[in-house]
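The structure appears right after this line, and notes come after that.
Protein chains in written order, with our numbering: chain A, 1 to 330; chain R, 1 to 504.
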């Protein structure tokens, strides 16, 4: 994922030029935003998070009349970029994309940062995990797959979708626990993201993947894999034939990878309110809706308060799943 | 079919597409030729621009910029021994040796000509063989990737001019560097010393820039100015390329095929294609002794290979949404954004768009010849400029480029550190190219090995059981044992060898 990162040159040049231009003008007490805003993305250019950030930034720019420059600060499974957002000056001129990893990394002892290290602005998106098998798999439904997993010795089934301790790994652990099985009933094979995992699934190297359905879409459409269920409260209208876990086997378990916009802690409330209001307009715009549905991404709205509560709840849930999987650092 | 083709022509013959393609070509040539700014970066920088373009024009910019940047990485490699991209690192020494012999135009001409040929061969494979090639990609599980990366690492000893022992040592240093960070199968931070910046590990690009460019500047500061390369006009760049094509047609074809196959495999890409092809060229050459002394044969094969891999890298991207390399990963994002969602339906429902992409690849590779020649002519002034002006500019490029990678000072510090490491290694006869190879391949070897063992519950048998894995394993082990077998054979039949040697 981090190999896809070197795109920030133009953005920094633009920012530098804008900064230089600003130097000639006396700093007038103008309404926010008076100069270009930097949007930090902790993941690489070309990925789903990057694409979402770019469409949000483009629409914010349209609404607020200042450039919103997306900068990818990748590496360390998201730690580097999330740190950059948290440690920026809370003046409203640096905001960033927060992703689900912020509620996971601190449990692993990778960072001190938690969802509370930020000023939450808005929740924009959530994608539930799916359960995919190769099209040659003998398991036709999620129920059959679950029975086979229960009957097999622990570790016989191999699953993948992301790195060790990543969101799709925890989705698997949560599903196993919901069925009353130990966390290691299915062995996790770390991968460099969903695309290589889906490829390995089609190549016969894995039994199942638990990445999101949009990430698996192209391979599914190529007839090399199929999605048996999603771990969500409701079906995704774009993949309407994929049942939820509750429908398919009566297990009420759902989780998801989410993306939201946040700022460093201590952002002045009037700037935060202005950004949240603008983000609401972005969320409601046809461009955003079209873009997200075109890629199969789910849209969820949460304002600053709802986003904060959402992150707190998710943080506690992740802590439990990670303890069960033995991923926490004690 | 014909209607689709005509429709595709109509799609690309708009002013927007033509201007976008020309601008992106020039841009790709410039970025690729600056040390420290890679082809991937050139492509990534285009993403915001593509927002404002029509779908076909957006893809056109990416196709043109990436093809041009991979070629123009050869230019600083040949003129200054500073490869512009990792894909050029494999043969930078060779091309530079040719420049010292006064054959810069032959080296660069071979670069542009065989890159264009390779690119077209890759495109033809994309057009004709996409479905079967995609099947190859889907037959590779981690077991196969392990052997592939292992073979890639073995190229270190073949490519190096120094003693094999020092080459292996250099490669191991690279492997050690690739251990840094958290992006390993266990997800455990290693050698990070608590520094958040090191969590992300050491990327190949800053390391490459450091060991080649910065170390080169350091050497230049310590040695007296060499006698200037005789001032003479650059000869014709394309002259002699046809003769080379005829002489090395087999090497060129082999380079094309290897490039196409490696390009199709997600995660491998142009870097590996260049290394493997250069190593193969040396291994099977009739005159391996000439390699490293300014011999064009390896350039032909590797140049043909890395550009062929660019086009075929789009096969898994277009069919399955799986990126063949980092450039394709960015391209996939743009495809989605423009409503050309990857998948088999792209080939049926949007066939005219697909044909338009094919055509753009071919046009980009033809454009590469005139634009490349112009670029080479401009770049040739570097050879005439005094060293005291060139070196500070290179230093500046390195600093700016490395800062741009992550928008922080960490990249600059990394480049400086690797400059010192590269200088010390080179001064003691350790090939820095082998270290770069170690860094590029290290993550893949480890990831493939560990995940394979998890999948097989610790058994190494599956590394040999799957058919493709078995073939690759036989090749790897064969290549390892080959020198030993040769040695034994020589011991047993000294007379026969002596006779063979005298007759050749």
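Don't be surprised by glycine CBs; every beta carbon is placed ideally from N, CA and C. The structure displayed is predicted, hence computed values, not measured ones.
- Residue pairing from DSSP places residue 120 of chain A in a beta bridge opposite A:262.
- For a cut-off of 8 Å, the C-beta gap from residue 203 of chain A to residue 140 of chain R is around 6 Å, short enough to register as a contact.
- Taking 7 Å as the threshold, the shortest C-beta distance from residue 158 of chain A to chain R falls below it.
- In this structure, residue 71 of chain R lies away from residue 25 of chain R, with their beta-carbon atoms at least 7 Å apart.
- Cβ-Cβ separation between residue 304 of chain R and residue 252 of chain R: approximately 5 Å, consistent with a contact (criterion under 8 Å).
- Nearest to residue 220 of chain A by alpha-carbon distance, out of A:283, A:131, A:298 and A:264, is A:131.
- For residue 227 of chain A, the uninterrupted beta strand (DSSP E) segment begins and ends at 225 to 230.
- The shortest C-alpha to C-alpha distance from residue 43 of chain A to any of A:328, A:123 and A:84 is the one to A:84.
- Below the 9 Å Cβ cutoff, chain R contributes 336, 337, 339 and 341 as neighbours of residue 294 of chain A, in chain order.
- Cβ contact annotation for residue 299 of chain R (same chain, cutoff 7 Å, sequence separation greater than five): 91, 94, 95, 107, 110 and 111, in chain order.
- Nearest Cα to residue 181 of chain A within the set A:168, A:87, A:154 and A:70: A:154.
- For residue 43 of chain A, the three-state secondary structure derived from DSSP is coil.
- Rounded to the nearest angstrom, the Cβ distance from residue 198 of chain A to residue 209 of chain A is 6 Å, consistent with a contact under 8 Å.
- Taking a C-beta cut-off of 7 Å against chain R, the contacting residues of the stretch 67 to 97 of chain A are 71, 73, 74, 75, 76, 77, 79, 80 and 83, listed in chain order.
- Selection R:66, R:195, R:380 and R:322 evaluated against residue 218 of chain A yields R:322 as nearest (Cα-Cα).
- Taking 9 Å as the upper bound on Cβ-Cβ separation, chain R lies near residues 195, 196, 198, 199, 200, 202, 203, 204, 205 and 206 of the stretch 195 to 206 of chain A.
- For residue 164 of chain A, the three-state secondary structure derived from DSSP is coil.
- By alpha-carbon distance to residue 72 of chain A, the top candidate from A:140, A:318, A:114 and A:97 is A:97.
- Contact check for residue 212 of chain A against residue 127 of chain A passes: the beta carbons are separated by less than 7 Å.
- Excluding sequence positions up to five before and after residue 390 of chain R, its CB lies within less than 7 Å of the CB of 382, all in the same chain and listed in chain order.
- Rounded to whole angstroms, residue 173 of chain A and residue 184 of chain A show a C-alpha spacing of 7 Å.
- Among the residues facing chain R, residue 189 of chain A is included, as its CB has a counterpart in that chain under 7 Å away.
- Under the DSSP assignment, residue 179 of chain A falls outside any alpha helix (DSSP H); it carries neither an H nor an E label.
- Residue range 432 to 455 is occupied by the alpha helix (DSSP H) that includes residue 435 of chain R.
- Each of R:128, R:439 and R:257 was checked against the Cα of residue 209 of chain R, and the nearest Cα belongs to R:439.
- Counted as a single uninterrupted DSSP element, the stretch harbouring residue 102 of chain A is not any alpha helix (DSSP H), since DSSP gives it neither H nor E.
- The beta carbons of residue 99 of chain A and residue 267 of chain A sit no closer together than 7 Å.
- Flagged as an interface residue toward chain A: residue 186 of chain R, by a C-beta distance shorter than 7 Å.
- Separation of residue 288 of chain A and residue 473 of chain R (C-alpha to C-alpha, rounded to the nearest whole angstrom) is 49 Å.
- Any Cβ of chain R closer than 7 Å to the Cβ of residue 262 of chain A would place that residue at the interface, and such an atom is absent.
- For the 7 Å CB-CB criterion, residue 66 of chain R and residue 39 of chain R form a contact.
- The beta carbon of residue 456 of chain R sits no closer than 7 Å to any beta carbon of chain A.
- In the DSSP assignment, no residue is bridged to residue 312 of chain R.
- Counted as a single uninterrupted DSSP element, the alpha helix (DSSP H) harbouring residue 259 of chain R occupies residues 249 to 264.
- Inter-residue distance for residue 46 of chain R and residue 340 of chain R is about 18 Å (C-alpha atoms, whole angstroms).
- Its chain contains 103, 114 and 115 as the residues whose beta carbon lies nearer than 8 Å to that of residue 315 of chain A, once the 5 sequence neighbours on both sides are disregarded; these appear in chain order.
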